[in-house]
Amino acid sequence: MSEKTIVTDQASEENSNESARVEQESETTRRSFLQLAMAAGSGLAICSMVPALARESWLTQRPNCDPAAGGQPLQSIMEIKSSGAGPTKTLKAVIKVLDEEKVYLGSPLTGQSAPSCNTGRMRYFSGYDASASSYQRKVWPAVHGIPGPGPTLRASVGDTIQITLLNQVNVKNFPNTLDVAEHGQACDQNTTFGTGNTYPGNPMFENPPNCFHGSSSENLHFHGTHTSPSGISDNILLNIRPTPRLPNGQPVVNEQNVGPIFEKIFAYCMHGHQPLLWTQWPPEWQAWQKKLLIQYDNTTPWLGQSPPPGGNGPSVLPQDEQLWHQNQEEMADHQLPQYYIGAYPTCFTIPKWNGQSTSMGQSPGTHWYHAHKHGSTALNLANGMAGALIIEGDYDATLHAYYSSKGQPLQERVLVLQQYSAVLGLLRAEGKADLVSVNGNYQPVLEMKPNQTQMWRIINACHQAPVPLNTNPPNGLKWVQTAQDGVQLNPQNYNPDPNAVTNTFPVPAKTFFIGGKWISTGSLAPGNRIDLLVRAPSTAGDYPVTFGGSKTILMIVRVTGQAVNSTPFPTQAQFPTMPGFLSDIVVPVGMVKREIRFNTTRTQFASPTPTPIPQGTPFGRNPSNAPLPFIPNAPPMHTINGKQFSGEIDQYMKLGATEEWQLFNDTPAGGPAHPFHIHINPFQIVEWFDPTLPMPSSGVKMAKPWVWWDNFALPPGGWVKMLTRFVDYTGTYVFHCHIVGHEDRGMMQLVNVSPSGTSMRHK
């Protein structure tokens, strides 16, 4: 996962039919960069550069930063759906990474109660349906200048997903951030008057690659999918650099010139094949990428040393900083190289269960996708670089059929929760938590008819905030949970009478019995998803949905219009049948058991009293190049098993194995509840200890049938035991804390699944 590039002159798309407000800033060398204290190091974006092809406006509001703003209608996010003839279909999408100046609401400033108005450059996802004709094509977002999620992707189990990812970020708009942080002082920095270099400290309390660095490299993670972690599937070990730009401003790499090449790759994928080696790419893709990578190496300055004119080399970069050299090393190790420029194809078939006990299928449900570049995952999510991935199947069909039989078609609402910021908290003068928005709006209004039932698919795509909905729905509103983390509940855990269960979160998934009551562990920590059936009251009015002990308003349900007949929630007998591969995991004899310990500790750092910055010193600069003053309080360090992410594989598993992991949160009470997330395979929590609940220190066993998760918040000072199966797919992937700022700063490990379960080298 090494990424050893630096900023060079690469660009965003600027087609003739696109809006272009590109700021032309002088190129920043590594030396000049290192002389900058980057107060805006993670601030993002350039102008919008999406083809003006939209025929319909989903996002109707113009940018509005009135601190009193709220109560705007809930936005419906554009969907890209699978299509085609036959029982299985194909979802074909183009997703671009672009950037622009955006306006957004932030937390109140000190002494203020109303949200603050903020602006900043942000990267974002733009997308459209590649199967639609150019005339019918709709491009998301339809309105620019305000943040929001990417387009919703909707497919069914058995369908194939094909995505052309185009990185058209203009790195000239981010002169104060390096693309990577592997060597030297390449972390983003923030200097505040009177305190000196507050991040990452001097001496540095965080070191590359485990620090914030606002990367222009991107990739895609499909959170909740059971698919391959390798090749062109759910591979987050890739780094796709922005495309260079021609002298006329056009991108070198675009959907027109990669389209014919990617069609060959997609056709290969449709026959069940994945490129796992460089030589398995089409020859023209190999040649083009080699040319672009060498050009990058030959035109990139190093420590103030400019490369020879003409772009023919030799490179002034050290060999281990050259992208093509690193790709060659991985080829020699029989690995798929990780560096590409401008574009990358994604293709995988959503797996149906084959009926074998040694295999799993994809659970239909509410999943999501997001950028997953180590060091800037939090920044990407804070910019809104996430979107819903809805995978349909028998679960959805059964619920829709039930309500249709009652004469009340079930309306779905996809609700993407996000926190927006152009600059992360540790890089700001005031490190207050960012506000939580829904589908791009702060405290929006969701309309329902009296007595209407809707299905809410809620995705916590926040980079930091848990969103625990308060214990009871608003007066008159009724809801029940049907799924957790994209996996339906077992009918025995589904309870159509929400008043029969006392919950720490208002969902009826009973998990264990304590103090005479069933307690639920339903969760909306960062990365979690829940599905709810929600029934409106018969009385018109506004019903605020709140979360957290402070009763913060998430959104307002406005009951209005013509009443419909009230339909009861499905009974357990009417609830979708649990697929066979989602039966409780059977514990085998001789099962491997592991202990994984998450911990947040004080950084051991000498901290003399800081020296004030002399009056008149330019903010964010250190002209004398003298050491910046120490800081009195460094932020904490986040580790797994006592160490930070190293790029080396930490855990080796055998294909087909069932394992028990005991996940500890050694952080003392009052610290963060680290959400454990592992890619590719879901898991079941079978035992739990939370020191804040009245339970023995030996923990409490969960009641069967167990709930499935792919993300679970570990209670501070507590632990959980989980069972998981490493079936169907070999390869290297990760688990990490889904407070992704912790992941960026080191709370992540690499795992490898192989037929032997033995050590393999990963670079």
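For what it's worth, our numbering labels the leading residue of the sequence shown as 36, then goes sequentially.
All C-beta atoms in this analysis are idealised placements derived from N, C-alpha and C, irrespective of residue type, glycine included.
Counting only runs of 4+ residues, no alpha helix (DSSP H) is found wholly inside the region 293-318.
In the three-state reduction of the DSSP assignment, Ser-440 falls in the helix class. Spanning the alpha carbons of Pro-479 and Leu-311 requires a straight line of approximately 45 Å.
For Pro-380, the beta-bridge partners assigned by DSSP are Thr-199. Judged by DSSP in its simplified three-state form, Asn-495 adopts strand.
Counting along the chain, no alpha helix (DSSP H) covers Val-449; the unbroken beta strand (DSSP E) around it starts and ends at 446-454. Per DSSP, the unbroken alpha helix (DSSP H) holding Leu-358 starts and ends at 358-367. Across the structure, Ile-620 and His-261 are spaced so that their CA atoms are roughly 16 Å apart. When the beta-carbon positions are compared, Pro-243 and Tyr-437 stay at least 9 Å from each other.
Annotation: the continuous beta strand (DSSP E) that includes Leu-758 extends over 754-761. Under the three-state reduction of DSSP, Ala-413 is assigned to helix.
Inter-residue distance for Trp-359 and Thr-334 is about 13 Å (C-alpha atoms, whole angstroms). Contact between Leu-461 and Pro-670 holds, since their C-beta atoms are separated by about 6 Å, short of 8 Å. Contact between His-248 and Trp-403 is ruled out by a C-beta separation of about 24 Å, above the 8 Å threshold.
DSSP places Asp-134 in no alpha helix (DSSP H) but in the uninterrupted beta strand (DSSP E) bounded by 125-141. Comparing alpha carbon positions, the residue from Met-483, Asn-495, Glu-482 closest to Leu-470 is Asn-495.
Taking 9 Å as the cut-off, the Cβ atoms of Pro-186 and Gly-419 do not count as close. Around Leu-481, the same chain offers Leu-109, Met-590, Val-592 as residues with beta carbons nearer than 6 Å, after the five sequence neighbours per side are excluded. Under DSSP, Phe-633 shares a beta bridge with Ile-675, Asn-700. Following the DSSP letters along the chain, one finds Asp-566 inside the beta strand (DSSP E) bounded by residues 564-570. In the same chain as Gln-443, and ignoring 5 residues on each side of it, the C-beta atoms closer than 8 Å to its own belong to Gln-487, Thr-488, Val-599, Asn-600, Thr-602, in chain order.
CA-CA distance, Ala-423 to Gly-348, rounds to 44 Å. Rounded to the nearest angstrom, the Cβ distance from Ile-267 to Gln-324 is 14 Å, too far for a contact under 8 Å. Straight-line measurement puts the Cα of Arg-158 at about 22 Å from the Cα of Ala-165.
Gln-719 counts as buried, since no fewer than 16 other beta carbons sit within 10 angstroms of its beta carbon. In the three-state reduction of the DSSP assignment, His-777 falls in the helix class. Taking C-beta atoms under 8 Å as the contact rule, Thr-727 and Ala-704 qualify, at a distance of about 7 Å. In the three-state scheme derived from DSSP, where H, G and I count as helix and E and B as strand, His-405 is classed as strand. If you draw a straight line from the Cα of Ser-411 to the Cα of Asp-779, it is about 6 Å long. Linking His-256 to Arg-629 through their CA atoms gives a straight-line distance of about 25 Å. As a beta-bridge residue in DSSP terms, Met-483 pairs with Val-594.
Ranked by how close their Cα comes to the Cα of Ile-774, the residues Ser-251, Asp-763, Phe-747 have Phe-747 in first place.
Using a Cβ distance threshold of 9 Å, Ile-196 and Phe-160 do not count as a contacting pair. Taking a cut-off of 8 Å for Cβ pairs, the region 132-143 and the region 442-458 touch, as three or more such pairs fall below it. One Cα belongs to Gly-511, the other to Pro-751, and the distance between them is close to 35 Å. Per DSSP, Arg-156 is one residue of the beta strand (DSSP E) stretching across 151-164.
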